[in-house]
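Each residue of the sequence shown is one higher than the one before, starting from 130 at the first, in the working numbering.
All C-beta atoms, glycine included, are put in the ideal place defined by N, C-alpha and C.
Heads up: the structure comes next, in structure tokens.
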Amino acid sequence: MRILLVEDDIRLAETLAEALTDQRYAVDVVTDGEAGWDQAKVLEYDLLLLDVMLPELDGVSLCQRLRSHGYSMPVLMLTARDTVSDKIAGLDAGADDYVVKPVDLQELFARVRALLRRGSATSPPILEWEALRLDPSTYEVSYGEMPIHLTPKEYGLLELLMRNGRRVLSRSAIIEHVWSLETPPEEHAVKVHIRGLRQKLKAAGASEDLIETVHSMGYRLNQG
């Protein structure tokens, strides 16, 4: 899951980005509203986290612009002012929810999870593929009764594959969804992480080709 954080307080932005990255999200950070607009046009984001008070273009105006151009990803506003009028302005602009500063990280995580579930209304809360189960709310993965312990990147890869099923994902598409812009790897790194993921799935009892390589195209889940 990829999040765009638009926050001009550098220290807060770094703190939130690090915390969200620890929660298995790929996070890109920009520091003004116009940069947020430019970034949202370049990549497909699963959620936007917008500060209300931003230079160049404030968060409410950015949200209005996104909605007027047909962008439907969930928007979570950050506001330093816990007043009814500010909340109404954000919601009327098209925001889905808001968090008041100083940010309580556990509340932020819960609201992000709720919005991502709402944004993927057609997807079940727990992802399943044959005997493989992944719970996005707890980051728990199992095959049958066997728990599987994954690195953050392995988890991100598996979640992306399970959300797409038989759809083929290229290495570049995987990088776009799982890695942040600050740390994009070479495409070979995807192959390395896929290999590690396959080994852990096999150790839990899954077939060797549960993750299928589609020659010259990418990867997808295999049906037994």
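By the beta-carbon neighbour count (other beta carbons within 10 angstroms, threshold 16), residue 155 is buried. For residue 143, the three-state secondary structure derived from DSSP is helix. For residue 307, the enclosing alpha helix (DSSP H) begins and ends at 300-307. Boundaries of the beta strand (DSSP E) harbouring residue 159: 155-159, taken from the DSSP string. Sequence-distant partners of residue 338 (beyond 5 residues in either direction) whose C-beta falls short of 7 Å from its own C-beta, in its chain, are 351. With a beta-carbon spacing of about 13 Å, residue 192 and residue 176 fall beyond the 8 Å limit used to define contacts.
Judged by beta-carbon spacing, residue 275 lies within the 7 Å limit of residue 333, meaning their Cβ atoms are closer than that value. The C-beta distance from residue 183 to residue 137 rounds to 6 Å, short enough to fall under 8 Å. Excluding its 5 nearest sequence neighbours in each direction, residue 343 has C-beta neighbours in its own chain below 8 Å: 297, 349, listed in chain order. Taking 4 residues as the minimum length, the alpha helix (DSSP H) runs contained wholly in the region 153-236 are 162-171, 188-197, 213-221, in order along the chain.
Inter-residue distance for residue 173 and residue 331 is about 32 Å (C-alpha atoms, whole angstroms).
The alpha carbon of residue 284 has as its nearest neighbour, out of 152, 161, 181, 300, the alpha carbon of 152. Here residue 219 is not near residue 187, since their CB atoms are 7 Å or more apart. Residue 203 counts as buried, since no fewer than 16 other beta carbons sit within 10 angstroms of its beta carbon. Each residue's CA atom was taken as its position, placing residue 258 and residue 225 some 30 Å apart. Residue environment for residue 340: buried (at least 16 other C-beta atoms within 10 angstroms of its C-beta). Restricting attention to 215, 167, 208, the CA atom closest to the CA of residue 233 is found in 208. Between the alpha carbons of residue 278 and residue 217 lies a gap of roughly 42 Å. Taking every protein chain shown into account, the CB of residue 265 has 16 or more other CB atoms within 10 angstroms, so this residue is buried. The residues 157, in chain order, have a CB closer than 6 Å to that of residue 310 in the same chain once the five nearest residues on each side in sequence are set aside.
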